[in-house]
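Undergrad: Take this structure, written in structure tokens, and hold onto it; I'll ask about it next.
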Amino acid sequence: MPSQPAPDLSPQVSDEVRKTTCYMCACRCGINVHMKGGKVAYIEGNRDHPVNKGVLCAKGSAGIMQHNSPARLRAPLKRVGPRGSGKFREITWDEALQTAVDWLKPLRQTAPEKLAFFTGRDQSQSFTGWWAQAFGTPNWAAHGGFCSVNMAAAGIYTMGGAFWEFGQPDWDRTKLFLLFGVAEDHDSNPIKMGLGKLKARGARVIGVNPIRSGYNAIADDWVAITPGTDGLFILSLVHELLRAGKIDLGYLVRYTNAPYLVNAADGPEKGLFLRDADGKPLVRDRNTGQAVAWDTPGISPDLGEGVEIGGVSHLPVFRHLADRYLADDYAPDQVAERCGVSAARIRAIAAEIARVAFEEEITINQPWTDFRGVKHDKMIGRPVAMHAMRGISAHSNGFLTARALHMLQILIGSVETPGGFRFKPPYPKPPEAHPRPHAGHAPGQPLDGPHLGYPLGPEHLLLNDAGQPKRIDKAFSWDAPLSAHGMMHMVISNAHAGDPYPIDTLFLYMANMAWNSSMNTSAVMDMLTDQNDDGSYKIPRIIYSDAYSSEMVAYADLILPDTTYLERHDCISLLDRPICEAEALADSIRWPVVPPDRPGHEGVRPFQSVLLDLGARLGLPGMVLEDGSAKFGDYADYITNHERRPGVGPLAGFRGNGDGKGRGAPNPDQIARYIENGGFWIDHIPAEAQFYKPWNAAYQDWAVERGIYDSPQPYVFNLYSEPLRKFQLAAEGHGHRQPPDHLRARLIETMDPLPIWYPTFTDDVTDPAEYPLHALTQRPMAHYHSWGSQNAWLRQIHGHTPLYVSGEIWRAHGFKKGDWAILSSPHGKITLPVVRMDALNPHTVWTWNAIAKRRGAWALDDDAPEATKSQLLNHLIHELMPPKGDGLRWANSDPVTGQAAWYDLRVRIEKAPAGQSVSHPHTGAQDSPVPPAPQTVAQHVKD
Amino acid sequence: MTQLPKSTQKKLGLVIDLDTCVGCHACVISCKGWNTQNYGAPLSDMDAYGGEPEGTFLNRVHSFEVAREQAPPMVVHFPKSCLHCDDAPCVTVCPTGASYKRVEDGIVLVNEDACIGCGLCAWACPYGARDMDGAEKVMKKCTLCVDRIYNENLPSEDREPACVRTCPSNARHFGDLSDPESEVSKLVAAREGFDLMPEQGTAPVNKYLPPRARDSLDIPDLASLCDPVPGDETTPAAKGFLGWLDRALEKI
Chain A
1 MPSQPAPDLS
11 PQVSDEVRKT
21 TCYMCACRCG
31 INVHMKGGKV
41 AYIEGNRDHP
51 VNKGVLCAKG
61 SAGIMQHNSP
71 ARLRAPLKRV
81 GPRGSGKFRE
91 ITWDEALQTA
101 VDWLKPLRQT
111 APEKLAFFTG
121 RDQSQSFTGW
131 WAQAFGTPNW
141 AAHGGFCSVN
151 MAAAGIYTMG
161 GAFWEFGQPD
171 WDRTKLFLLF
181 GVAEDHDSNP
191 IKMGLGKLKA
201 RGARVIGVNP
211 IRSGYNAIAD
221 DWVAITPGTD
231 GLFILSLVHE
241 LLRAGKIDLG
251 YLVRYTNAPY
261 LVNAADGPEK
271 GLFLRDADGK
281 PLVRDRNTGQ
291 AVAWDTPGIS
301 PDLGEGVEIG
311 GVSHLPVFRH
321 LADRYLADDY
331 APDQVAERCG
341 VSAARIRAIA
351 AEIARVAFEE
361 EITINQPWTD
371 FRGVKHDKMI
381 GRPVAMHAMR
391 GISAHSNGFL
401 TARALHMLQI
411 LIGSVETPGG
421 FRFKPPYPKP
431 PEAHPRPHAG
441 HAPGQPLDGP
451 HLGYPLGPEH
461 LLLNDAGQPK
471 RIDKAFSWDA
481 PLSAHGMMHM
491 VISNAHAGDP
501 YPIDTLFLYM
511 ANMAWNSSMN
521 TSAVMDMLTD
531 QNDDGSYKIP
541 RIIYSDAYSS
551 EMVAYADLIL
561 PDTTYLERHD
571 CISLLDRPIC
581 EAEALADSIR
591 WPVVPPDRPG
601 HEGVRPFQSV
611 LLDLGARLGL
621 PGMVLEDGSA
631 KFGDYADYIT
641 NHERRPGVGP
651 LAGFRGNGDG
661 KGRGAPNPDQ
671 IARYIENGGF
681 WIDHIPAEAQ
691 FYKPWNAAYQ
701 DWAVERGIYD
711 SPQPYVFNLY
721 SEPLRKFQLA
731 AEGHGHRQPP
741 DHLRARLIET
751 MDPLPIWYPT
761 FTDDVTDPAE
771 YPLHALTQRP
781 MAHYHSWGSQ
791 NAWLRQIHGH
801 TPLYVSGEIW
811 RAHGFKKGDW
821 AILSSPHGKI
831 TLPVVRMDAL
841 NPHTVWTWNA
851 IAKRRGAWAL
861 DDDAPEATKS
871 QLLNHLIHEL
881 MPPKGDGLRW
891 ANSDPVTGQA
901 AWYDLRVRIE
911 KAPAGQSVSH
921 PHTGAQDSPV
931 PPAPQTVAQH
941 VKD
Chain B
1 MTQLPKSTQK
11 KLGLVIDLDT
21 CVGCHACVIS
31 CKGWNTQNYG
41 APLSDMDAYG
51 GEPEGTFLNR
61 VHSFEVAREQ
71 APPMVVHFPK
81 SCLHCDDAPC
91 VTVCPTGASY
101 KRVEDGIVLV
111 NEDACIGCGL
121 CAWACPYGAR
131 DMDGAEKVMK
141 KCTLCVDRIY
151 NENLPSEDRE
161 PACVRTCPSN
171 ARHFGDLSDP
181 ESEVSKLVAA
191 REGFDLMPEQ
201 GTAPVNKYLP
211 PRARDSLDIP
221 DLASLCDPVP
231 GDETTPAAKG
241 FLGWLDRALE
251 KI
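In structure tokens:
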């Protein structure tokens, strides 16, 4: 036998490792970027980083192909052909910035609301919002309205935080994990890491999802629920737990508003809490039978009996709750058929929750003191954790479904206790501690406050004197009173219609609104190109910033090309959407590990720096010095030196002399210290403050020290939501701010202070014979948005969008391998390849989200399967419901928050005629502002 | 024809947990990134942005459904790369000696300098674990990151295959399967790890851990917890909710 070859077993991996933050999705993992000869050679996870602890998903590892993408823009562009054609000429940055100033300056001086500035998957929202506030337009928001605002808002209103960025399961301790709906697309690596921990110790995972893919494939038990019925299923679990008495009464008494007495007297106070002269809610003390302030020391609050005042019996919240959910309407036998889950299964899952919560209780011998000053010698946990994201959220009943889920968590005492669900700082933060929304605008002036917030009653709606919405997206109007993230998906259709008013300039960042981020894509493309009689566009001007040649680029007039995520500064800020862990405060940065380099062209600039430059040229407050010169050289300068409140800035770490945590003067070396530390900063919460955060005195004091609050903010959870009741009262005719009559009945039904379930609006009006199926999309774990699906490596994993149908449907329609299907909704038809998958709810079909591409976009060839064998379900989903004969068009959104109801879609399926080989509809082609992509890629970066 | 060693000093390999793999493809792309920069020719992508992209991958994840009689279908994510077989037919079929199995650790490698791109090894492999590179026309396969696991330029904690280091759900484990005391051997013993297609007689080193039982929540017994029996005073359904509540609150 010949001697073995001797390969080099110790090759030099790289010249240098630069540690920054991934941006291949919204997860924000730490990455080690290995450099060779000044070029990016290899990307792996950073082991020290709090988010991913070394692991990295497919997207993250494919970042090198994103950075080297042939679709990268190279210079500012000015449109020279009709909108949508993709015909541009490259211009200088001077011309681009001057053009933008020429458009925006007159608007600021006369009517700042005529600028609508909306950002997509932007991770600098506290900055872009600050910029828009200085400009003075009320029309700013990011993409939360079409993403998961139901989840975020329901969590804040119910318990001061929701899932993902707000909190996480206690992965190290939980013994039973319930996962509701599709969740693969957010918090990607932490959930996978958490599932791995559960699996390693054999903890049970229950997946509730119409589709058994991804995480549901490894769920020990899979509940193939019918889409849109999660809320009913959850309330049935609540029914069973109440019937069995498997609820944590001590927790409810101490930490929730379960004992608060609800005013039962007819009139404008009905349904609000009884309060004392100081405004403190009252409870019935079991010792005396008297109504006393909720926080009176030494009392024993009642949950069952109420008090009688003036012949009216006022009952506690918990009594209302029990009366409602013990009703037969929520019995498993009543809901089973509707949910597509057997009654026995519902009872079994309720029993398993009860068993684990109460028979496998966890105790940590860690003393702590609550906000009442009561000392506890240990921390007791109910090790049942839950998580949900868009799956239950993107429905027209999503807000109350998310509320129901939080109510379930709270009833078993598993929020902020060991083994349950834990908040991540700066959460918990109740609605009262958040700002109210603002829309007060005047020529030449900044806005009167932050755009977004949490209304506590009708008085906080953004309506003018005539009762009309102040915002172009109609957020915080009676249409969607608690639209805490704005309603980006309504901007283009409202701007096109001039309703509630016309705008001049639509300014978008990192949002593919001409394509997969809009409902009703074909119609949106028409709106963006629609002209007045004089040939001018209905939406007069569109400015767009993107790093890549996306579909939206073709529909803009002026392109401000952004860098890739490896070429710019960013801060993942506590002021924004932080990366904290349940046990630690953390934030992080991106920094240019390579300079932006587009040889032979004008080049690209980081969008945030461009925005600061524009702000200085416009003379916006906070962005210019007294002499009118620019205050910040670039975004890094802003990150270092901007203070939101004295001593509190975008980054919390290494403040002042470098030791400042949360608070401290700006430190000129701050970014250098972050880089030295691996791109992030972390500060652990003391052991006695790790759990019970809303009520834990040590946590509250620590949070004040770190600048999270300016004073302790203890609060109790809102099983019963008084703000919702205030909107209901208005709809019943109380108060001076009144909803339009056509919305009264809906507001009374949906602004219920205790969670209810109602059929999705689409289900409610759909004839099941005509549209018998639910249709869903999922984002593959290996992709994120359009950006990921053009990546040369990732597109080989998922490159087209087959429609997955159950065996029942397959047989009923006589499908054979290679067939195509026509999918129809009341709004349109699409054609796409069909594939059989049996692990589905039998009434559900699905495909992948955001893979389909328009011809000419993303530097892909015209015959790319993304264009020829892929389709967006968006074409089937209208932002409005079909007319129902009342003369009105109702939004296809959650009535509370305005969240786009993507997952309400109902469809009919037919077999496409033989010979089908290209997906429909054909949305035309756009010229590419970048050259054709290379045929072969085999990049071996040399030293 | 190339000879296999009579025995190897170690049997380095992977243990892949099918109970835990969520099918995220992190291992696939991490492998692609590392091996594009390291061992031998870069892993190319032909028609990378076109109608029929075809790249070289040393590791792929397949997903399939398992129909069951009395239970809903299961979905299994199945990562697959070279299994570094003891009786590797890809080695014995190699006409040039380019394919070989290392004596010291059992890793099966291709010496690209000696590979003539004939493709016989790929035909011989019953697992389809080899990929002919479209650009270089040499045979590519999993090296078990032989240039990581002994790499003195890497910190010791990183001396494991790229796919193992990156796996977010910890479904991939690396170690010496000839040592019964190794963590991987213990895992195989505890979880009844199995050989892929043992009937092929290839004696693969890599092992798979089977999915645990699915949909096994015991309905009749547990359901009784939530279906209180008459006369059981510990539950509200038996004695009236308010009475139960009053007694329960007394105990707080």
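Which chain is which? The protein sequence lines are A and B, in order. If you're matching positions, the first sequence starts at 1 in UniProt numbering and goes up one per residue. If you're matching positions, the second sequence starts at 1 in UniProt numbering and goes up one per residue. All C-beta atoms, glycine included, are put in the ideal place defined by N, C-alpha and C.
Cβ of B:ALA248 less than 7 angstroms from any chain A Cβ?
TA: Within the second sequence, the letter at position 248 stands for residue 248 of chain B. For B:ALA248, the answer is yes, since a Cβ of chain A falls inside 7 angstroms of its Cβ.
Undergrad: Any beta-carbon of chain B closer than 7 angstroms to the one on A:SER928?
TA: Residue mapping note: residue 928 of chain A aligns to position 928 of the first sequence, counting from 1. Chain B, which has no Cβ nearer than 7 angstroms to the Cβ of A:SER928, makes this no.
Undergrad: Do you know offhand how far A:PRO921's Cα is from B:ARG130's?
TA: Sequence index remark: in the first sequence, residue 921 of chain A carries index 921 (1-based). Sequence index remark: in the second sequence, residue 130 of chain B carries index 130 (1-based). If you take the alpha carbons of A:PRO921 and B:ARG130, they lie about 39 angstroms apart.
Undergrad: Determine, using beta carbons only, whether A:ALA689 and A:TRP681 come nearer to each other than 7 angstroms.
TA: In the first sequence, the residue the question calls residue 689 of chain A occupies position 689. In the first sequence, the residue the question calls residue 681 of chain A occupies position 681. Contact: no.
Undergrad: Along the UniProt domain "4Fe-4S ferredoxin-type" (72-105) of chain B, where does the CB come closer than 8 angstroms to a CB of chain A? Name the residues.
TA: Those residues of the UniProt domain "4Fe-4S ferredoxin-type" (72-105) of chain B that come within reach of chain A (Cβ to Cβ, closer than 8 angstroms) are PRO72, PRO73, MET74, VAL75, VAL76, HIS77, GLY97, TYR100, ARG102, VAL103.
Undergrad: So, at 6 angstroms on beta carbons, what are the nonlocal neighbours of A:THR158 in its own chain, with the 5 sequence-adjacent residues on each side left out?
TA: What you label residue 158 of chain A is simply residue 158 of the first sequence in a count that begins at 1. Excluding residues within five positions, the ones whose Cβ falls inside 6 angstroms are ARG403, HIS406, ASN718.
Undergrad: Run the CB neighbour count on A:PRO106, radius 10 Å, all protein chains shown included, and call it buried at 16 or more, exposed below.
TA: As a first step, residue 106 of chain A is located in the first sequence; it is residue number 106 there, counting from the start. Exposed, by the Cβ-count rule.
Undergrad: Start and end of the beta strand (DSSP E) containing A:PRO169?
TA: If you number the first sequence from 1, residue 169 of chain A lands on position 169. Run containing A:PRO169: 167-169, per the beta strand (DSSP E) assignment.
Undergrad: Residue range of the beta strand (DSSP E) that B:ALA122 falls in?
TA: In the second sequence, residue 122 of chain B corresponds to position 122, counting from 1. Taken as a continuous stretch (DSSP letters only), B:ALA122 belongs to no beta strand (DSSP E), being part of the alpha helix (DSSP H) at 120-124.
Undergrad: Looking at A:THR226: is its Cβ nearer than 7 angstroms to the Cβ of A:GLY340?
TA: Taking the first residue of the first sequence as 1, we reach residue 226 of chain A at position 226. Taking the first residue of the first sequence as 1, we reach residue 340 of chain A at position 340. In this structure, A:GLY340 lies closer than 7 angstroms to A:THR226 by Cβ.
Undergrad: Between A:ASP94, A:LYS270, A:ASN874, which lies nearest to A:LEU315 when the distance is taken from Cα to Cα?
TA: Along the first sequence, one-based indexing puts residue 315 of chain A at 315. The shortest Cα separation from A:LEU315 among A:ASP94, A:LYS270, A:ASN874 belongs to A:LYS270.
Undergrad: Can you look up A:THR128 in the DSSP assignment and give me helix, strand or coil?
TA: For the purposes of this step, residue 128 of chain A is identified with residue 128 of the first sequence, where counting begins at 1. The answer is helix: DSSP assigns A:THR128 an H, G or I state.
Undergrad: Bridge partners of B:THR235, per DSSP?
TA: In the second sequence, the residue the question calls residue 235 of chain B occupies position 235. Answer is none; B:THR235 lacks a bridge partner.
Undergrad: Tell me which residues share the same chain as B:ASN38 and place their Cβ nearer than 6 angstroms to its Cβ, disregarding the 5 neighbours each side in the sequence.
TA: Residue numbering aside, residue 38 of chain B sits at position 38 when the second sequence is read from its first letter. Within the same chain, B:ASN38 has close Cβ partners ASP147.
Undergrad: Out of A:LYS199, A:LYS53, A:ARG338, A:VAL205, point me to the one whose CA is closest to A:LYS19's CA.
TA: Taking the first sequence and counting its residues from 1, one reaches residue 19 of chain A at position 19. Selected option, being the one with the closest Cα: A:LYS53.
Undergrad: Go through its chain and collect everything with a Cβ distance to A:VAL356's Cβ below 7 angstroms, but skip five positions before and after it.
TA: Residue 356 of chain A sits at position 356 when you count from the first residue of the first sequence. Within the same chain, A:VAL356 has close Cβ partners LYS175, LEU176, PRO383, VAL384.
Undergrad: Once the 5 residues before and after A:LEU880 are set aside, which same chain residues still bring their CB inside 7 angstroms of it?
TA: Within the first sequence, the letter at position 880 stands for residue 880 of chain A. Contacts found: ARG889, TRP890, ALA891, ASN892.
Undergrad: Using a Cβ cut-off of 7 angstroms (strictly closer), state whether A:HIS940 contacts chain B.
TA: Your numbering for residue 940 of chain A matches position 940 in the first sequence. At least one chain B Cβ lies under 7 angstroms of A:HIS940.
Undergrad: Measure how close the beta-carbons of residue 955 of chain A and A:CYS27 come, nearest whole angstrom, since I'm counting them as under 8 angstroms.
TA: Lying before the first or after the last residue shown, residue 955 of chain A is absent from chain A, which here runs from 1 to 943.
Undergrad: With respect to the alpha helix (DSSP H) encompassing A:TYR699, which residues constitute its N-terminal and C-terminal limits?
TA: Locating residue 699 of chain A in the first sequence gives position 699, counting from the first residue. Run containing A:TYR699: 697-705, per the alpha helix (DSSP H) assignment.
Undergrad: So that I know if they touch, is there some Cβ in chain A lying closer than 7 angstroms to that of B:CYS24?
TA: Numbered from its first residue, the second sequence carries residue 24 of chain B at position 24. B:CYS24 counts as touching chain A.
Undergrad: Residues of chain B with CB under 9 angstroms from A:ILE579, in chain order?
TA: In the first sequence, the residue the question calls residue 579 of chain A occupies position 579. Here the premise fails: no neighbours, minimum Cβ distance about 16 angstroms.
Undergrad: Identify whether A:ARG900 lies in helix, strand or coil by the three-state DSSP scheme.
TA: Against the first sequence, residue 900 of chain A aligns to sequence position 900. Checking the sequence, you will find Ala at residue 900 of chain A rather than Arg. Of the three classes helix, strand and coil, the one that applies to A:ALA900 here is strand, per DSSP.
Undergrad: Do the CB positions of B:VAL28 and B:VAL76 come within less than 7 angstroms of each other?
TA: Counting from 1 along the second sequence, the entry for residue 28 of chain B is found at position 28. Counting from 1 along the second sequence, the entry for residue 76 of chain B is found at position 76. Cβ distance not < 7 angstroms, so B:VAL28 and B:VAL76 don't count as in contact.
Undergrad: Does A:TRP787 have its Cβ less than 7 angstroms from a Cβ in chain B?
TA: What you label residue 787 of chain A is simply residue 787 of the first sequence in a count that begins at 1. It does not; no Cβ of chain B falls within 7 angstroms.
Undergrad: Starting from the N-terminal side, write out each stretch of the beta strand (DSSP E) that is 3 residues or longer and does not extend beyond the stretch 215-292 of chain A.
TA: For the stretch 215-292 of chain A, whole beta strand (DSSP E) runs of length 3 or above, ordered along the chain, are 221-223, 282-284.
Undergrad: For B:LYS140 and A:PRO540, what's the separation of their Cα atoms in angstroms?
TA: For this step, residue 140 of chain B is matched to residue 140 along the second sequence. For this step, residue 540 of chain A is matched to residue 540 along the first sequence. Cα to Cα, B:LYS140 sits roughly 55 angstroms from A:PRO540.
Undergrad: Can you pull the chain B residues whose beta carbon is under 7 angstroms from the beta carbon of residue 960 of chain A, in chain order?
TA: Outside the shown range of chain A, which is 1 to 943, sits residue 960 of chain A, and nothing can be said about it.
Undergrad: By the criterion of Cβ-Cβ separation under 8 angstroms, what are the contact partners of A:MET193 in chain B?
TA: In the first sequence, residue 193 of chain A corresponds to position 193, counting from 1. The contacting residues are PRO168, SER169, ASN170.
Undergrad: Of the choices A:GLU626, A:MET525, A:PRO686, whose alpha-carbon is the least far from that of A:LEU585?
TA: On the first sequence, position 585 is the one that residue 585 of chain A refers to. Of the candidates A:GLU626, A:MET525, A:PRO686, the one whose C-alpha sits nearest the C-alpha of A:LEU585 is A:PRO686.
Undergrad: Might you give, ordered along the chain, the residues of its own chain that have their beta carbon closer than 8 angstroms to the beta carbon of B:ASP87, omitting 5 neighbours on each side?
TA: To locate residue 87 of chain B, count along the second sequence from 1; it is residue 87. If we look at B:ASP87 and ignore the five residues flanking it on each side, its Cβ neighbours are LEU4, GLY201, THR202, ALA203.
Undergrad: Who are the near neighbours of A:PRO458 in its chain, counting only those whose CB is closer than 7 angstroms to its CB and skipping five residues on each side?
TA: Position 458 of the first sequence, counted from the first residue, corresponds to residue 458 of chain A. Here the set comprises LYS726, PHE727, ALA730, GLY735, ARG737.
Undergrad: Expressed to the nearest angstrom, what Euclidean distance is found between the alpha-carbon atoms of A:ASN841 and A:ASP333?
TA: Working through the first sequence from its first residue, we reach residue 841 of chain A at position 841. Working through the first sequence from its first residue, we reach residue 333 of chain A at position 333. Going from the Cα of A:ASN841 to the Cα of A:ASP333 covers about 19 angstroms.
Undergrad: On the criterion of 16 or more Cβ atoms from any shown chain inside 10 Å, does A:VAL149 qualify as buried, or is it exposed?
TA: The residue given as residue 149 of chain A occupies position 149 in the first sequence. Buried is the call here.
Undergrad: Just list the residues that DSSP pairs A:ASN892 with in beta bridges.
TA: For the purposes of this step, residue 892 of chain A is taken as the residue at position 892 of the first sequence. The partner list for A:ASN892 (beta bridge, DSSP) is empty, contrary to what the question assumes.
Undergrad: Residue ranges of each alpha helix (DSSP H) run of no fewer than 4 residues wholly in the stretch 493-527 of chain A, ordered along the chain?
TA: Taking only runs of at least 4 residues, no alpha helix (DSSP H) segment lies wholly in the stretch 493-527 of chain A.
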